[in-house]
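These notes are about the structure you will find just below.
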Amino acid sequence: MTQDEIKDIVMNTLYKIAPELEDQVIDSNVNFRDQFDFDSVDFLNFAISLQKKTNIDIPEIDYPKLSSLTGCITYFESKSSVG
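For the numbering used here, count along the sequence shown from 1 and bump the result up by 7.
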């Protein structure tokens, strides 16, 4: 996956979980929870949805790596280049 593909997947997933974000600018380097109301249930749904969309297993221990857009891109780039 390219960075643009990963970004599209992440942003579309965020918008499905929190549609009110579509009108907001999201800083790629700031944790999602620091930018908008994104509780633990939202985050869990986000991680599960990303796992389904990417077909990449995301162990719970790796969830903190998905806390920002940059973190998601880095995580999925490393996972998609393995194998």
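A virtual CB, placed ideally from N, CA and C, is assigned to each residue, including glycine.
Closest by CA to residue i, which one among the options?
{"i": "ARG40", "options": "PHE83, ASP30, THR81, LEU73", "result": "LEU73"}
{"i": "GLU12", "options": "ILE80, SER85, LYS86, SER56", "result": "ILE80"}
{"i": "MET18", "options": "SER75, SER87, SER85, GLU84", "result": "SER75"}
{"i": "ASN38", "options": "ILE16, TYR82, THR77, GLN10", "result": "THR77"}
Got a sec? Which residues, its chain only, sit under 6 Å from residue i by beta carbon, not counting five neighbours each side?
{"i": "TYR70", "result": "ALA54"}
Please go through the same chain and pick out, in chain order, the residues whose beta-carbon is closer than 8 Å to the beta-carbon of residue i, but skip the five residues on each side of it.
{"i": "ASP49", "result": "ILE24, ALA25"}
{"i": "ASN52", "result": "ILE24"}
Buried or exposed: residue i, going by 16 or more other Cβ atoms within 10 Å of its Cβ?
{"i": "THR9", "result": "exposed"}
Consult DSSP for residue i and reduce its assignment to one of helix, strand or coil.
{"i": "ALA54", "result": "helix"}
{"i": "PRO71", "result": "helix"}
{"i": "ASN19", "result": "helix"}
{"i": "SER85", "result": "helix"}
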